[in-house]
Amino acid sequence: MVKNTITTKTNKAEFLILPRLNEILVKREASFANKPTDPRRRHVIYIKNKLALIREAVMNAKVNNQDKVVIPQCGFLSDKVLSKYSFKTHTKFGKVKKLTTHETSTITMSKRKKYLSWEEYFIAIAQVCSLRSKDPNTQVGVVIVNHRKEIAATGYNGLPWGLSDDNYPYEREGKWLETKYPYMVHAEANAIIHARQNCEGFILYTTLFPCHECAKLIIQCGIKQVFYSSDKHHEKLETIAAKKMLDDAGIIYASIFPLTMVIKGL
Ligand SMILES: [Zn+2]
């Protein structure tokens, strides 16, 4: 991969790490290539998604003057994760000593060490959104974020606009018309509708992995990444169908830990 075609625009960190990531992916894919029905191919998709997220972070990475590759602070990218992708090699740039998500500073008054990553920030807001839900069993919150990390919309699961929360059932079992299912709008659908704009390339944060219906909306409105903090329905057919469609549509999804928050009065 070391070629003389590097221009001044090429990010050194990107150049150093991406070939290694590609190498990992190619090896994983090759190992299952002869068995297209092998269930482990799903793992390849998982790795692919993970690497795509890392790849994006690497695009913004920098190499400092101690030959440390510094990846911007990122929820899913701990130093431990990065160490897997570290490699000891000499290139025309010299040896990369360390991959890190933060840079040590010589400035006396440095920035706070503990602050929310963007991913933590948005999932925390999604968690707060879920608290608006009147559903006694399932509360889901969603935040849609644009390229500039601005919130395009939020949503939670609830009845359509104007319908009284007191006139509809919240049951999960019984006659269909007497359950909540015909009436509830899912959090993802509400957020996508509230965005009232093209969501091409946007990121969706949700407290619960999207169902198959919401997965279709996510694909149709152009969202490219989904972060979720719970996948408790992973065995349900709705979730399996959702993952199949998201995979086929090339939408990256990754889990993120929910934040522990105490909100008084609830
Ligand atoms: Zn849904």
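The opening residue of the sequence shown carries number 189 in this note's numbering; numbering runs sequentially from there. Ideal Cβ placement from N, Cα and C applies to all residues, glycine included.
| Query | Result |
| --- | --- |
| How about N345 and M372: do their beta carbons lie closer than 8 Å? | yes |
| Would you report the Cα separation of L454 and A314, rounded to the nearest angstrom? | 16 Å |
| Opposite A442 in the DSSP bridges: which residues? | F415 |
| Checking 8 Å against the spacing of the C-beta atoms, do A312 and L396 come in under that value? | no |
| At a threshold of 7 Å, does C409 count as lining ligand 1 (C-beta to nearest heavy atom)? | no |
| Would you tell me roughly how many angstroms separate the C-alpha atoms of G438 and G350, rounded to the nearest one? | 36 Å |
| Counting pairs of beta carbons, one from the stretch 378–397 and one from the stretch 415–425, are three or more of them closer than 8 Å? | yes |
| Along the chain, where does the alpha helix (DSSP H) containing I406 start, and where does it finish? | H400 to C409 |
| Is the closest heavy atom of ligand 1 to the C-beta of C398 under 7 Å? | Before going further, note that residue 398 is Pro rather than Cys in the sequence given. Checking the Cβ of P398 against ligand 1 gives yes. |
| Could you tell me which whole alpha helix (DSSP H) segments of length 4 or greater appear in the stretch 285–355? | 306–318 |
| Helix, strand or coil, according to DSSP, for L392 in the structure here? | strand |
| Looking at C-beta atoms only, is the number of pairs between the stretch 395–409 and the stretch 424–438 that lie closer than 8 Å three or more? | yes |
| Report the three-state DSSP secondary structure of V373 (helix, strand or coil). | strand |
| Is the stretch 381–391 close to the stretch 333–348, with three or more CB pairs under 8 Å? | yes |
| Comparing the CB of H374 with every heavy atom of ligand 1, is any distance shorter than 7 Å? | yes |
| Taking the C-alpha atoms as reference points, what is the distance between N325 and E376? | 17 Å |
| Is any heavy atom of ligand 1 found at a distance shorter than 7 Å from the C-beta of C317? | no |
| What's the C-alpha gap between Q327 and S318? | 5 Å |
| Out of R320, K322 and N334, point me to the one whose CA is closest to W306's CA. | N334 |
| Let me check you understand the geometry: is the CB of C402 closer than 7 Å to at least one non-hydrogen atom of ligand 1? | yes |
| With 16 other CB atoms within 10 Å as the buried threshold, where does V330 fall? | buried |
| Quick one: using the 10 Å Cβ neighbour count with 16 as the cut-off for buried, is K276 buried or exposed? | At K276 the pLDDT is 41, less than 50, meaning the model places this residue with poor confidence; the figure from the coordinates comes in the next sentence. So K276 ends up on the exposed side. |
| Give the secondary structure of V214 by DSSP, where H, G and I count as helix, E and B as strand, and everything else as coil. | helix |
| Give a yes or no on whether the C-beta atoms belonging to N237 and A442 are separated by under 8 Å. | yes |
| Near R300, what residues of its chain come up, given a Cβ to Cβ distance below 7 Å and the 5 sequence neighbours on each side ignored? | none |
| Straight-line CA distance for A245 to E308? | 16 Å |
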